[in-house]
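For reference, the structure discussed in these notes is given below.
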Amino acid sequence: MEWLDKMNDAIRYIENHIEEKIDFTTVAHIACCSLSRFQRMFTFVTDITIAEYVRCRRMSLSACELLNSDIKIIELAIKYGYESPEAFTREFQAFHGVSPTSVRKLGIHNNFPPISFEITINGGNFNM
Numbered sequence: 003m004e005w006l007d008k009m010n011d012a013i014r015y016i017e018n019h020i021e022e023k024i025d026f027t028t029v030a031h032i033a034c035c036s037l038s039r040f041q042r043m044f045t046f047v048t049d050i051t052i053a054e055y056v057r058c059r060r061m062s063l064s065a066c067e068l069l070n071s072d073i074k075i076i077e078l079a080i081k082y083g084y085e086s087p088e089a090f091t092r093e094f095q096a097f098h099g100v101s102p103t104s105v106r107k108l109g110i111h112n113n114f115p116p117i118s119f120e121i122t123i124n125g126g127n128f129n130m
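Encoded structure:
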């Protein structure tokens, strides 16, 4: 169970620093393993890379901000570490299937909630 706790600590770190440039070596250190091992484990368990997870979370959070505030697209691009509003808009449209302006107008977007790791055992037989 310690492994699950460490992985959840790593995810909490990411969520707490989602608006910053995330150092994946630090994340791996929190999970008590090397970067390469952390990346392999994360991808194996989640079926996405850690970089893709961060990107999806940022896109999900940015859509929520568009819907719930008057924040400008350029401000979101800067906030989530994009080099330009155009790069942000391309990534946003690829993730949500619509432009940031459409999300604001129509409220249509993809939600990507934070992950957490847990073990669940369902069913099975026990024989003595």
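Residue numbers for the sequence shown follow the working numbering, beginning at 3 and rising by one. We put the CB at the ideal spot given by N, CA and C, even for glycine.
| Buried or exposed: which applies to residue 52, given that a residue is buried once 16 or more other Cβ atoms fall within 10 Å of its Cβ? | Looking at its Cβ environment, which holds 16 or more other Cβ atoms inside 10 Å, residue 52 is buried.
| request: Identify whether residue 100 lies in helix, strand or coil by the three-state DSSP scheme. | output: The three-state secondary structure of residue 100, taken from DSSP, is coil.
| query | For residue 84, which residues of its own chain have a beta-carbon under 6 Å away from its beta-carbon, when the five flanking residues on both sides are left out? | reply | 90.
| Just the Cα atoms here: how many angstroms apart are residue 62 and residue 113? | Pairing residue 62 with residue 113, the inter-Cα distance amounts to about 5 Å.
| request: Confirm, please, whether the CB-CB distance from residue 58 to residue 119 is below 9 Å. | output: Taking 9 Å as the Cβ cut-off, residue 119 and residue 58 do not qualify as a contacting pair.
| query | Do the CB positions of residue 13 and residue 116 come within less than 9 Å of each other? | reply | Yes, the pair counts as a contact, with Cβ atoms nearer than the cut-off.
| task | Let me know the alpha helix (DSSP H) ranges lying completely inside the segment 15-94, each 4 residues or longer, listed in chain order. | result | Look at the segment 15-94 and you find these whole runs of alpha helix (DSSP H), each 4 residues long or longer: 26-32, 37-48, 52-70 and 75-81.
| query | So, are the CB atoms of residue 60 and residue 20 less than 9 Å apart? | reply | Yes, they are a contact pair.
| task | Find out if the Cβ-Cβ distance for the pair residue 64, residue 102 is shorter than 9 Å. | result | Between residue 64 and residue 102, the gap from beta carbon to beta carbon is short of 9 Å.
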